[in-house]
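The numbers in the sequence shown follow my numbering, run straight up by one, and end at 343. Note that beta-carbon positions come from the ideal geometry of N, C-alpha and C, so glycine has one too. Predicted model only: the values in this text are computed from it and were never measured.
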Amino acid sequence: MIGVAKQDQVSALPAAGLPLRVAACGFASSPAIVYRALTGCVPAEAQIDDDRAFDRHVLASILAAAMAEPGPINQRCGLGADDFAALVTTQFPHISVLLSVLATDEPEDDEEAAMVRDLLLAHRSTSGDVGRWLAAMVARRAMEPDHLWEDLGLRDRTELTRLLLRHFEPLARDNTRNMRWKRFFYRKLCESEGDGVVMCSTPVCTQCGDFADCFGDESGESRMAGRRREIELRATIVS
Ligand code: SF4
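Shown next, in the form of structure tokens:
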């Protein structure tokens, strides 16, 4: 879970007198500040009962997580420059100028992410740009090393499951054995002929040495919450 940003930090984002890019880079270093600047609230207070609010929460979470990492923001979340510009101007217009200076013209060419993206696109259950953007964003973030819901900056795995059921329902419903989502994507690619993806070394999961990687626990405390708890713990020890 993304930590609570202090209001004075948020209001100080576009530091007066600083070049916009310098201000944007400083702003981008904290997912907590980014999330609050995007949505106006901290994640714990996010109201995500309706689908539109949920989509906006997901997009803000992904942007906040991606912006904390080095490199152009649109590449970190798998979007070309045009799609990134469309996303920020339609979903977060109040901060689109600041976000745009962190993007680049050329999208990263990642064959593996493209295969996962195409898998998601082939199983869409919504129409419109948000689902298309999310296919690319989820695929790109799936290249990161942690649980997928963590790499997306979400609060827990249930949010990822909801995202997949909402936008890619036929694929999500197929995960009947509750596999870890990244492994499930690769399993599906492995099953489809012609993609050249080989994941399974045995035909039967129960005899496979990778069983824990595919079916192990995917829940737990998010990285953000863990880091915040460590900082709070260190502060308590020092004082
Ligand atoms: S446990 Fe082994 S056989 Fe089953 S999906 Fe995972 S890699 Fe494939």
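* Three-state secondary structure (DSSP) at MET171? -> helix
* Inter-residue spacing [alpha-carbon to alpha-carbon] between ASP314 and ASP153 -> 37 Å
* **Short Cβ contact (8 Å threshold) for ARG284 with MET303** => no
* To do: Could you tell me how far apart the beta carbons of SER229 and GLU173 are, in whole angstroms, since I believe they sit closer than 8 Å?
  => So it is not a contact: roughly 29 Å between Cβ atoms.
* Given that a residue counts as buried once 16 or more other Cβ atoms are within 10 Å of its Cβ, and exposed if not, what is GLU254? -> buried
* Can you give the Cα-Cα distance for PHE289 and ARG140, rounded to whole angstroms? -> 31 Å
* Asked: Quick one: complete alpha helix (DSSP H) runs, 4+ long, within the region 145 to 200?
  -> 155 to 171, 177 to 180 and 185 to 195
* Going by the C-beta, is ARG284 closer than 7 Å to any heavy atom of the ligand SF4? -> no
* Asked: CB of ARG291 to nearest heavy atom of the ligand SF4: below 7 Å?
  -> ARG291: yes, Cβ under 7 Å from the ligand SF4.
* Which residue's Cα is closest to the Cα of ASP224: ALA316, CYS145, PRO147 and LYS286? -> It is Leu, not Asp, that sits at residue 224 in the sequence shown. For LEU224, the nearest C-alpha among the options comes from LYS286.
* Asked: By Cβ distance, which residues of its chain are closer than 6 Å to HIS161, with the 5 residues on each side in sequence left out?
  -> ALA150 and ILE152
* Compute the Euclidean distance between the alpha carbons of THR193 and THR310, then round it to the nearest angstrom. => 48 Å
* Just to confirm, does MET303 get its C-beta within under 7 Å of one of the non-hydrogen atoms of the ligand SF4? -> yes
* Who are the Cβ neighbours of SER323 in its own chain at under 6 Å, not counting the five residues just before and after it? -> Apart from sequence neighbours up to five positions away, the residues of its chain that approach SER323 with a beta-carbon distance below 6 Å are ARG261, ordered along the chain.
* **Close Cβ partners of ARG277 (< 8 Å) along its chain, the five nearest in sequence each way excluded** => LEU269
* Going along the chain, which residues of its own chain have a beta-carbon closer than 6 Å to the beta-carbon of ASP214, five neighbours each way excluded? -> none
* Closer than 7 Å: is that where the CB of ARG287 sits relative to any heavy atom of the ligand SF4? -> The answer is yes for ARG287.
* Alpha carbon of GLN179 to alpha carbon of ASP317, nearest angstrom -> Cα to Cα, the separation comes out at about 27 Å.
* Roughly how far, in whole angstroms, is the beta-carbon of MET247 from the beta-carbon of ALA217, given that I think they are within contact range, below 8 Å? -> 5 Å
* Asked: What is the residue span of the alpha helix (DSSP H) that ASP255 lies within?
  -> 252 to 255
* Looking only at its own chain, which residues have a Cβ that is under 6 Å from the Cβ of LEU238, when we skip the five neighbours before and after it? -> HIS271
* Can you tell me which of ILE137, HIS251, GLY232 and PHE158 puts its alpha carbon nearest to the alpha carbon of ALA190? => GLY232
* Asked: DSSP on SER323, reduced to helix/strand/coil?
  -> coil
* To do: Over the uninterrupted alpha helix (DSSP H) stretch that includes ARG287, give me the two end residues.
  => Counting along the chain, the alpha helix (DSSP H) containing ARG287 begins and ends at 285 to 295.
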